[in-house]
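Protein chains in written order, with numbering that gives the first Met the number 0: chain A, 0 to 163; chain B, 0 to 156; chain C, 0 to 422.
Even for Gly, the Cβ is constructed at its ideal location relative to N, Cα and C.
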Amino acid sequence: MQTIAFWVFSFLAVAGAVLTVTRKNPLSSALSLVVSLVAVAGLFATLSAHFLFAIQLLVYAGAVMVLVIYVIMILNLRERDMRVLGLSRPRAALASVASLAVLLVLARVFAGGRTAFPADAKGLGSIEELATALFTRYLLQFEVVSVLLLAAMVGAVVLAMRKF
Amino acid sequence: MPGIRTVGRPMNIKEKWYLFEIAKGMMVSIRHLVSNIFHQDRMPTLQYPEEKRVLPERFRGRHRLTKREDGTPKCVACYCCQTACPADCISIEAGERPDAGEKVAVRFDINILRCVFCGLCVEACPVDAIRMDTGKYELSSDSRKKLIYDIDTLLND
Amino acid sequence: MLFDLLLPVLFALVAAFLPLMFVPLLVWGERKAAAFIQDRTGPNRAEVLGIRLGGLVHPFADVVKLLGKEDWTPERVNRFYYNLGPFLALFISMLPFAIVPLADSLSVGGRIIEMRAVTLNVGILFVLAITSFHVYAIVLGGWGANNTYTLIGGMRSAAQMVSYELAMGLSLIGVLMISQTLDLGAIVRQQGGLLFGFLPRWNVFLQPLGFLLFLIALFAETNRNPFDLPEGESEIIGFHVEYSSMRFAFYFMGEYIAMVAGSAVIATLYFGGWQVPWLGTETLRANALLAARVLLVLIAVFGVLAAVLFRSYGRRLRILYRDRRSREAKVLGAASIFVAVLALLALAFLSGIRPLGAQILVAAVQFLFLVAKILAFGFLFIWVRWTLPRFRYDQVMGLGWKSLVPLGLLNIAVTGLVLLGID
Numbered sequence: 000m001q002t003i004a005f006w007v008f009s010f011l012a013v014a015g016a017v018l019t020v021t022r023k024n025p026l027s028s029a030l031s032l033v034v035s036l037v038a039v040a041g042l043f044a045t046l047s048a049h050f051l052f053a054i055q056l057l058v059y060a061g062a063v064m065v066l067v068i069y070v071i072m073i074l075n076l077r078e079r080d081m082r083v084l085g086l087s088r089p090r091a092a093l094a095s096v097a098s099l100a101v102l103l104v105l106a107r108v109f110a111g112g113r114t115a116f117p118a119d120a121k122g123l124g125s126i127e128e129l130a131t132a133l134f135t136r137y138l139l140q141f142e143v144v145s146v147l148l149l150a151a152m153v154g155a156v157v158l159a160m161r162k163f
Numbered sequence: 000m001p002g003i004r005t006v007g008r009p010m011n012i013k014e015k016w017y018l019f020e021i022a023k024g025m026m027v028s029i030r031h032l033v034s035n036i037f038h039q040d041r042m043p044t045l046q047y048p049e050e051k052r053v054l055p056e057r058f059r060g061r062h063r064l065t066k067r068e069d070g071t072p073k074c075v076a077c078y079c080c081q082t083a084c085p086a087d088c089i090s091i092e093a094g095e096r097p098d099a100g101e102k103v104a105v106r107f108d109i110n111i112l113r114c115v116f117c118g119l120c121v122e123a124c125p126v127d128a129i130r131m132d133t134g135k136y137e138l139s140s141d142s143r144k145k146l147i148y149d150i151d152t153l154l155n156d
Numbered sequence: 000m001l002f003d004l005l006l007p008v009l010f011a012l013v014a015a016f017l018p019l020m021f022v023p024l025l026v027w028g029e030r031k032a033a034a035f036i037q038d039r040t041g042p043n044r045a046e047v048l049g050i051r052l053g054g055l056v057h058p059f060a061d062v063v064k065l066l067g068k069e070d071w072t073p074e075r076v077n078r079f080y081y082n083l084g085p086f087l088a089l090f091i092s093m094l095p096f097a098i099v100p101l102a103d104s105l106s107v108g109g110r111i112i113e114m115r116a117v118t119l120n121v122g123i124l125f126v127l128a129i130t131s132f133h134v135y136a137i138v139l140g141g142w143g144a145n146n147t148y149t150l151i152g153g154m155r156s157a158a159q160m161v162s163y164e165l166a167m168g169l170s171l172i173g174v175l176m177i178s179q180t181l182d183l184g185a186i187v188r189q190q191g192g193l194l195f196g197f198l199p200r201w202n203v204f205l206q207p208l209g210f211l212l213f214l215i216a217l218f219a220e221t222n223r224n225p226f227d228l229p230e231g232e233s234e235i236i237g238f239h240v241e242y243s244s245m246r247f248a249f250y251f252m253g254e255y256i257a258m259v260a261g262s263a264v265i266a267t268l269y270f271g272g273w274q275v276p277w278l279g280t281e282t283l284r285a286n287a288l289l290a291a292r293v294l295l296v297l298i299a300v301f302g303v304l305a306a307v308l309f310r311s312y313g314r315r316l317r318i319l320y321r322d323r324r325s326r327e328a329k330v331l332g333a334a335s336i337f338v339a340v341l342a343l344l345a346l347a348f349l350s351g352i353r354p355l356g357a358q359i360l361v362a363a364v365q366f367l368f369l370v371a372k373i374l375a376f377g378f379l380f381i382w383v384r385w386t387l388p389r390f391r392y393d394q395v396m397g398l399g400w401k402s403l404v405p406l407g408l409l410n411i412a413v414t415g416l417v418l419l420g421i422d
């Protein structure tokens, strides 16, 4: 059961991601990304990380992507509006394979050889565990990210206030 | 908009909260709901095909042609009604009556699809031959032909 | 083993079909309540063998009509998104029902059966996530139809729903602070007991402001009047004008199911879900025999009462119609007498209840109370719709951002202070 769910969600996540970069219609791209994000949420659920599952759905698949789609629709983006990147196909393929390889190596290094979560970890993915980790061990990073978000917000306000 | 001046009525504090006013409105609608559940007979709706309204005396319904005492139509084919009709729905063909040498309508068609029920034909008639006092108002039919009433239909209404 | 497999399937079916069951009932309630509020009689003509049930047959006639209508697809639509929209609308609106606990958990043979389809310990967040997904259904329908008006309708609804999601989330935090959990099952269980010795300990009494904010946000999220700008059928054209036949019906049913699901969520969070007021699960189970007897007596009394009502109704029908329709009251009166007699017979032969039977009986009673609460909120939705006029768009945004969000923050602060004071 777990394995089947894992493969289904993984397939959906990868397929969604591939479609996101290959679709020409911007709305299709965005919706493929939604599918990918929902599938990742499903992966969280199979890891019994219910909180992350809900937050992934709520924040990324729900709020963020709705805003992205909102912008696409408001600007009425069509295929012809998409700027074509000046890369030939073989080069683009090479670049994506290279970045995938780098990511895999990084994941291997930082995961310290662990390929799966310990199955018996108590409270894994629960709110308490997550909150403890966020507000004790990773407090600095957490606050830095918060400040970054605040800066982004202020920047957005400044940009919006500017008269064109 | 130019030329239109909007006059605002300042809301007091209680009205600005909306909630009290909403509650008041809700009470009005629930009062109607409850009283209509318990007194369905007081509802003004008629169960139409079964119940029908009592028509006022001067209600203009479907036309009829009146008859004399001997049963012949009063109409003398003077074309007054046809001339008066704003919807142009009456068409008359005059003929002569064999026994008295009088003008009489051979054909008298009313296209009820065009009729606007204004009653001008009734007012125009010099011999009181056409009336709209049948009180019939259910005029639907399954073909347009049937809605052009000829003289026999009109005499027998 | 087989039991383990069958149970989730059973609950999934219940979670899928229960909201669908409510739809005809609410559609009927909507039309009938609207009529009575406006001093009309409402639907009462459709009949099956002369049985009309005061217009309750009409929703089924509607379904037949919608299925029979031409399924018209405009030219130059984006076919994929055009078809996806209605399906998403129906599917997503049904999801919250999966996590609403329908009754207290049973314990059979040393095993605890949770009475809900999915046991998720972050239930509230899931509800919020699902409401944010609802936007997709509407936006895709509006975009896919390739019509400027539908697109604008879709955009309007997206902005509205995103804005009110925030207010909804903020108003919920008060409940979370009191209950210290995100699990809907635990939240309902905490709402047993009594408050000040006479009130049921429902969250609505602890969080009146939060409840009000949540209710308003829920109206906006389900696109019901006074926030029905996404549809705006009478003057501002909404997102589903290009849909016909069953596709339109999917949006329509989606709206009603969202209403039912919203009612279920608000009943669960603020009105004690399946909790029977003043009677806890343990009390009920201990007195199951008494409860069963009271229930049967109530059924019998209602049966007799209904029969009396049908008798006077039948007299009016006979005067009015003089055809087979006047038989309706006789049939229904006989049916209610029959039910009353059955209940009395059961009462006579009922001598004891086994523990398992007691559990199931209590679960059924609790489920009935949940259904009653859902229906009560469904009626509130209808009542408000036929009372209030629609907001203007700037009023919607102003209310959401300038009133609900600050009040939600205030609610959090006050709740926090009170909790600190109690500590």
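- One finds 35, 42, 43, 44 in chain B with Cβ atoms closer than 9 Å to the Cβ of residue 39 of chain C, taken in chain order.
- Against chain B, the CB of residue 25 of chain C has no partner CB under 7 Å away; the residue lies outside that interface.
- Residue-level contact check: residue 128 of chain C touches chain A, since one or more beta carbons of chain A fall below 7 Å from its beta carbon.
- By the neighbour-count criterion, in which a residue is buried when 16 or more other Cβ atoms sit within 10 angstroms of its Cβ, residue 137 of chain A is exposed.
- Our two residues, residue 360 of chain C and residue 391 of chain C, have alpha carbons roughly 49 Å apart in a direct line.
- Judged by their CB atoms, residue 81 of chain C and residue 144 of chain C are nearer to each other than the 7 Å cut-off.
- Taking residue 91 of chain C as the centre and dropping the five residues before and after it, the same chain places the C-beta of 129, 132, 133, 136 closer than 7 Å to its C-beta, in chain order.
- Contact between the region 146-154 of chain B and the region 107-119 of chain B is present: three or more C-beta pairs spanning the two stretches fall below 8 Å.
- About 6 Å separates the beta carbon of residue 71 of chain A from that of residue 29 of chain A, a gap short enough to meet the 8 Å contact definition.
- A Cβ-Cβ distance of about 6 Å is found for the pair residue 273 of chain C and residue 101 of chain C, placing them in contact under the 8 Å criterion.
- In this structure, residue 73 of chain C keeps its C-beta atom at 7 Å or more from the C-beta atom of residue 26 of chain C.
- If you compare the alpha carbons of C/105, C/377, C/5 with that of residue 281 of chain C, the shortest gap goes to C/105.
- DSSP places residue 154 of chain A in the uninterrupted alpha helix (DSSP H) bounded by 138-160.
- Following the DSSP letters along the chain, one finds residue 105 of chain B inside the beta strand (DSSP E) bounded by residues 102-110.
- Closest in alpha carbon position to residue 20 of chain C, among C/374, C/164, C/421, C/399, is C/374.
- Close CB contacts of residue 264 of chain C within its chain, under the 7 Å cut and outside five residues either way in sequence, are with 95, 99, 126 (chain order).
- In chain order, 178 place their CB closer than 6 Å to the CB of residue 189 of chain C, counting only its own chain and leaving out the 5 sequence neighbours on each side.
- At the C-beta level, residue 60 of chain B and residue 134 of chain B come within 7 Å of one another.
- Judged by their CB atoms, residue 131 of chain B and residue 115 of chain B are not nearer to each other than the 7 Å cut-off.
- Taking a 10 Å sphere around the C-beta of residue 267 of chain C, we find 16 or more other C-beta atoms and assign the residue as buried.
- Neighbours of residue 24 of chain B in chain C, taken as residues whose beta carbon is under 9 Å from its own, are 386, 387 in chain order.
- Under the three-pair Cβ rule at 8 Å, the region 391-411 of chain C counts as touching the region 218-229 of chain C.
- Sequence-distant Cβ neighbours of residue 124 of chain C in its own chain, meaning closer than 7 Å and more than five residues away, are 181.
- Going by C-alpha positions, residue 17 of chain A is about 12 Å away from residue 23 of chain A.
- About 10 Å separates the beta carbon of residue 89 of chain C from that of residue 245 of chain C, a gap too long to meet the 8 Å contact definition.
- Taken in chain order, the region 162-243 of chain C contains no complete beta strand (DSSP E) segment of 3 residues or longer.
- With a cutoff of 7 Å on beta-carbon distance, residue 312 of chain C and residue 334 of chain C are scored as not near each other.
- Boundaries of the alpha helix (DSSP H) harbouring residue 4 of chain C: 1-36, taken from the DSSP string.
- Comparing alpha carbon positions, the residue from B/94, B/74, B/151, B/95 closest to residue 123 of chain B is B/74.
- For residue 72 of chain B, the three-state secondary structure derived from DSSP is strand.
- Counting along the chain, residue 34 of chain B sits inside no beta strand (DSSP E); it lies in the alpha helix (DSSP H) bounded by residues 18-37.
- Counting along the chain, the unbroken alpha helix (DSSP H) around residue 14 of chain B starts and ends at 12-15.
- The three-state reading of DSSP puts residue 326 of chain C in helix, counting H, G and I together.
- For a cut-off of 8 Å, the C-beta gap from residue 193 of chain C to residue 200 of chain C is around 6 Å, short enough to register as a contact.
- For residue 69 of chain A, the chain C residues whose C-beta falls within less than 9 Å of its own C-beta are 134, 138, 154, 157, 158, 161, listed in chain order.
- For residue 142 of chain C, the neighbours in chain A by C-beta distance under 8 Å run, in chain order, 26, 72.
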